[in-house]
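These notes are about the structure you will find just below.
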Ligand code: GDP
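Residue numbers (this note's numbering): 43 to 338.
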């Protein structure tokens, strides 16, 4: 097992107690440990570089006050910069618009998109008392449409009836029409994913966005994605335009690197996290918890 970052920085810096400001040499030694901790947490390389540079600038010349050790001081700078990068607490799904408010889910196949659609529907219905309609736009995999219908039946939340032969944009329009006629507050659109990033998926997601004009476009991303998280989030944000990110499988990820990577490259908030397979395993995102995991 590795020591955590606090211990490692303490080991490097605490022999300096009493020397006043940290020198560049001290800070560079500390930054090697910060870089290592971030890479171990599976933060993407380009994010590690820019993050470490920001911490370095703050640490050089910082005066060590008597009440803390130099190691503790650098840990505090790293912690504060993590929180700063991860964004504010209490991000919410914005449903304040003319009903039915469309919310679109995008992401790779297997990321947990359909499960997350049902989790979000459940939260909006049970906690927020909204009337929600779910629609699957995955015309390539009938099993995916059926999966959403099954989840809907279990939760007693309606899904748009499946009509064979329709294009995703037509289904999106039909869902919004049904939402209007049925007096729904929110329509959740679960789009088709692919196993890898490809142009066809992006073009389709962009077309659905243009047709449905969603109030939120949420990227559902597996927190175990690691280094690929950056490409995934950047591509979807540039090509489709995101309003937020939902991280799934946080229950299986002790490291938290994907959260930092995706937030850093897109600037878009992580709004929710998935913490299990069941439809009640959806939680608010707490930046301090992820920062704690990264610091170890
Ligand atoms: P999709 O292809 O993106 O729609 O993915 P699915 O919703 O079908 O999810 C793929 C698998 O991941 C399923 O077995 C889900 O139960 C599982 N899953 C989804 N979210 C989570 C999560 O937050 N934690 C865990 N442990 N499993 C999840």
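Don't be surprised by glycine CBs; every beta carbon is placed ideally from N, CA and C.
- In terms of Cβ geometry, residue 275 and residue 232 do not form a close pair [threshold 9 angstroms].
- The criterion of a C-beta distance shorter than 9 angstroms is not satisfied by residue 160 and residue 202.
- Residue 87 counts as exposed, since fewer than 16 other C-beta atoms from the protein chains shown sit within 10 angstroms of its C-beta.
- Check the Cα spacing between residue 213 and each of 175, 227, 236 and 50: the tightest is with 175.
- The shortest C-alpha to C-alpha distance from residue 167 to any of 131, 210, 226 and 256 is the one to 226.
- Of all C-beta pairs linking the segment 235-243 to the segment 111-126, fewer than three are shorter than 8 angstroms, placing the two stretches out of contact.
- Counted as a single uninterrupted DSSP element, the stretch harbouring residue 69 is not any beta strand (DSSP E) but the alpha helix (DSSP H) occupying residues 66-82.
- DSSP lists 232 as the bridge partner or partners of residue 178.
- Burial check for residue 65: the Cβ neighbour count within 10 Å stays below 16, so the residue is exposed.
- Under the three-state reduction of DSSP output, residue 104 falls in the coil class, being neither helix nor strand.
- Spatial neighbours of residue 141 in its own chain (CB-CB distance under 6 angstroms, excluding positions within 5 residues in sequence) are listed in chain order as 227.
- Cβ contact annotation for residue 321 (same chain, cutoff 8 angstroms, sequence separation greater than five): 157, 160, 161, 164, 193, 196 and 197, in chain order.
- Judged by the Cβ position, residue 296 fails to qualify as a neighbour of ligand 1 at the 8 angstroms threshold, every heavy atom of the ligand being at least this far.
- A contact between stretches requires three or more CB pairs, one per stretch, nearer than 8 angstroms, and the segment 279-293 meets this requirement with the segment 305-319.
- When DSSP states are grouped into helix, strand and coil, residue 309 belongs to the coil group.
- Under the criterion of beta carbons closer than 8 angstroms, residue 244 and residue 183 do not qualify as touching, at roughly 18 angstroms.
- Fully enclosed alpha helix (DSSP H) runs of no fewer than 4 residues occupy 155-168 and 184-197 of the segment 139-203, in order along the chain.
- Listed in chain order, the beta strand (DSSP E) elements of length 3 or more contained wholly in the segment 227-292 are 228-232, 258-264 and 286-290.
- Listed in chain order, the non-local C-beta contacts of residue 153 below 7 angstroms within the same chain comprise 235, 262, 263, 264 and 290, local neighbours out to five positions each way being set aside.
- If you draw a 10 Å sphere on the C-beta of residue 48, you find 16 or more other C-beta atoms in it, and that means buried.
- Straight-line measurement puts the Cα of residue 309 at about 29 angstroms from the Cα of residue 103.
- In the three-state DSSP reduction, residue 319 falls in the coil class, being neither helix nor strand.
- Taken atom to atom, the span from the alpha-carbon of residue 230 to that of residue 267 is near 24 angstroms.
- In this structure, the C-beta of residue 313 stays at least 8 angstroms away from each heavy atom of ligand 1.
- Exclusion of the five residues before and after residue 179 leaves 210, 213, 214, 231, 232, 233, 234 and 250 as the residues of its chain whose Cβ lies within less than 7 angstroms of its Cβ.
- Per the DSSP secondary-structure output, residue 325 pairs in a beta bridge with 315.
- Pairing residue 124 with residue 329 gives a Cβ-Cβ distance under 9 angstroms.
- Among the bridge pairs identified by DSSP, residue 63 is matched with 105.
- When DSSP states are grouped into helix, strand and coil, residue 135 belongs to the coil group.
- Annotation for residue 304: 271, 275 and 287 place their beta carbon closer than 6 angstroms to its own, counting only its chain and skipping 5 residues before and after.
- Taking 8 angstroms as the cut-off, one finds no heavy atom of ligand 1 near enough to the beta carbon of residue 79.
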